[in-house]
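The numbering of the sequence shown is the working numbering, which starts it at 1 and goes up by one.
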Amino acid sequence: MSTSPSRCGARPVRSAPLPANTVLPPLDQSLPPWPGGIETSGGTRLFVRRTGEVSTGDGGRNVLYVHGLGGSSTNWTDLGYQLMPWGHGIAVDLPGFGFTEPDAGFDFRMGSQADRLAAYLDGHGSSPVHLVGNSMGGAIAILLAARRPALVRTLTLVSPAMPDLRPDPRRLSDPKAALTPLPLIGKRVRRQLAALGPRERARQIIGLCCAEPDAFPRNRLDELAEEHTARMRYPWAGPALSRSTAELVRTWLAPGAGSLWAAAREVTVPTLVVWGTQDRVVSARKALRTVRALPNGRLLLLDRTGHVAQMEHPAVLAGAMLGMWQAVRDGGW
């Protein structure tokens with residue numbers, strides 16, 4: 001692993017601080033996903049997994065985890081266990097993902113997802129959270145922090161889905177998916193992709209998102225396959241994925257004040273930007289521009305890491321987050 005500050009243009013990029021005198025729990029990737037269930041808060045109904053009870057006092061430390069496109073609350077299992085001694089983990093399944101059924105008429109816009117999370121937090125009346133988002137969840141977290149800063153204590157963005165319109169088939173879990181819009185051959189390719197079993201789909205996702213897929217724990221792969229099997233029973237799962245993909249691209253194309261770059265400039269809370277140097281989904285070349293857009297951001301670049309640092313190197317990410325929390329507490333951010 002490596003962290004390195006970079007300079008390009010007038011504004012230097014500050015690297016993330018390392019934690020001081022902190023001993024993390026042993027990393028045990030045999031632990032099961034956190035327990036969860038359907039919760040209704042602030043008029044919002046979500047499937048939520050927790051590592052403990054939500055704190056409502058000013059001294060509480062809640063950590064809200066927001067998954068990416070096609071992901072779910074289980075993406076945070078190992079990171080949440082690492083941070084349990086310092087924060088109550090709250091991992092949500094966004095509407096249309098995991099086990100959260102979307103309301104009729106839900107539009108799947110990134111701003112609408114951010115509004116749902118804000119309503120959920122409002123309903124609890126809890127103290128500001130340490131907000132953590134990966135990929136699409138990072139884009140949603142930026143919008144939430146920009147619109148409702150009083151709800152957010154710190155922000156951690158793990159390979160956030162900032163605008164990246166490269167037409168590169170290597171960004172797809174199956175390169176054949178690039179052929180699906182084509183006449184004649186597209187129909188046959190769509191049938192082939194639909195026939196893939198849950199375990200093969202899980203392998204493809206890990207192969208795309210991880211820099212070293214062979215090192216991914218077998219039991220976590222089994223859990224991902226089981227989750228895909230369960231989701232196949234829900235008629236809303238496929239449409240939710242395709243519509244969310246379209247809305248994410250629409251957000252990328254938004255000009256001026258409606259862009260994610262403009263939203264990032266409105267985020268004033270301390271922000272840690274984490275990017276894997278081998279991210280094939282959203283290029284690490286976006287890291288510098290992202291951290292410069294954030295008024296209070298610092299950057300952590302991780303070698304041998306792809307798009308999901310929280311799953312590939314949870315202990316490293318936990319240490320960096322604790323370093324940020326300590327620096328913010330001590331006025332050193």
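In this text, a Cβ means the ideal position worked out from N, Cα and C, and glycines have one as well.
- Going by DSSP, Gly89 is part of the beta strand (DSSP E) stretching over 88-93.
- Judged by DSSP in its simplified three-state form, Tyr81 adopts helix.
- Shortest Cα-Cα distance from Met162 to any of Val92, Arg292, Thr100, Ser15 involves Arg292.
- In the DSSP assignment, Ser72 forms no beta bridge with any residue.
- Annotation for Gly133: the continuous beta strand (DSSP E) segment containing it runs 129-134.
- Looking at Arg265, His307, Thr268, Leu272, the one whose alpha-carbon comes closest to that of Ala284 is His307.
- The beta carbon of Ser30 is closer than 7 angstroms to those of Asn219 in its chain, skipping five residues each way along the sequence.
- Beyond the five residues adjoining it in sequence on each side, Thr268 comes within less than 7 angstroms, by CB distance, of Pro149, Pro295, Asn296 in the same chain, given in chain order.
- Here Tyr65 carries a strand assignment [DSSP, helix/strand/coil].
- For Glu223, the enclosing alpha helix (DSSP H) has its first and last residue at 218-231.
- A distance below 8 angstroms separates the beta carbons of Ile90 and Asn62.
- Ser72 has its alpha-carbon roughly 13 angstroms from the corresponding atom of Glu226.
- Look at Val249 here: in three-state DSSP terms it is helix.
- Taking the Cα positions, Pro102 is about 16 angstroms away from Val66.
- In the structure shown, Arg201 adopts helical secondary structure according to DSSP, grouped into three states.
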